[in-house]
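Heads up: the sequence shown runs through residues 1 to 152, numbered per the numbering used here.
Don't be surprised by glycine CBs; every beta carbon is placed ideally from N, CA and C.
Note that the structure is a prediction, hence the values are computed from the model and not measured.
Data first, discussion second: the structure below is written as structure tokens.
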Amino acid sequence: TDEMVELQRKQQTEDLSIKLSVVKALSKLDSFLTGEKYNELHREYKDKLLSQTSDVCKQVMDAINNGDYERVALEMLALESANEVGGSFLKQAKRELRESVDQLLNKTKDDVMHGESIEIEGMKSVVENLKQIECAKKFIKEYLSTPDEIDE
């Protein structure tokens with residue numbers, strides 16, 4: 001229990017998820033035990049892991065909205081390491097990421113297509129978008145359903 005408390009406190013989701021798997025297996029022995037049961041321990045820490053994973057998902061969404069693709073990549077790793085608990089959060093984050101990258105690509109293409117009439121501020125916007133696209137290619141390409149599209 002102390003080890004699980006420490007893992008939860010340090011937000012080490014992968015290690016906590018592994019410990020939860022062990023505790024789940026040990027819960028089969030609960031009928032032979034008195035006192036604290038493994039099933040109760042599993043339920044308690046699974047809820048904590050779920051809450052923690054939900055917080056990570058919120059951080060991913062915030063990073064996506066801010067175009068901070070380096071932070072997105074770090075938070076996505078945390079979601080992946082949450083194994084079964086992080087699965088639905090990871091799917092949701094990938095959908096949001098895909099939409100964000102699509103919007104960025106479309107906005108950049110539109111700005112470039114109107115290149116003749118773009119003022120200096122418009123050019124700065126295109127340059128910033130291209131920098132964001134490069135950052136996205138570097139950090140989050142593996143999380144996109146069609147990663148080659150970002151290269152075009």
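CB of L16 within 8 Å of CB of Q8, strictly: Contact: yes.
Under 8 Å between C-beta atoms of K37 and D30: yes
Under 8 Å between C-beta atoms of L79 and C57: Taking C-beta atoms as the reference points, L79 and C57 count as a pair closer than 8 Å.
Proximity to N66 [Cα-Cα], best of L26, D110, K28, L97: Closest option to N66, Cα to Cα, is L97.
Supposed contact pair V60 and A93 - C-beta distance, whole angstroms, cut 8 Å: Confirmed, Cβ separation roughly 5 Å.
Beta carbon of T53 nearer than 8 Å to that of F89: yes
Length of the line joining the Cα atoms of L41 and S125: Roughly 52 Å separates the two Cα atoms.
Straight-line Cα distance separating D102 from M113: Their Cα atoms are separated by approximately 16 Å.
Same chain, Cβ closer than 7 Å to K107, five either side skipped, listed in chain order: N129
Spatially closest choice to R71 from Q11, A136, E44, by CA coordinates: Of the candidates Q11, A136, E44, the one whose C-alpha sits nearest the C-alpha of R71 is A136.
Exposed unless 16 or more other CB atoms sit within 10 angstroms - verdict on L49: Buried: at least 16 other Cβ atoms inside 10 Å.
Beta-carbon proximity list for Y45, same chain, < 8 Å, skipping 5 on both sides: M4, Q8, L16, K19, L20, V23
Environment of M153 [buried if 16+ CB atoms lie within 10 Å]: With the chain covering 1 to 152 only, the question about residue 153 has no answer from this structure.
Three-state secondary structure (DSSP) of N66: coil
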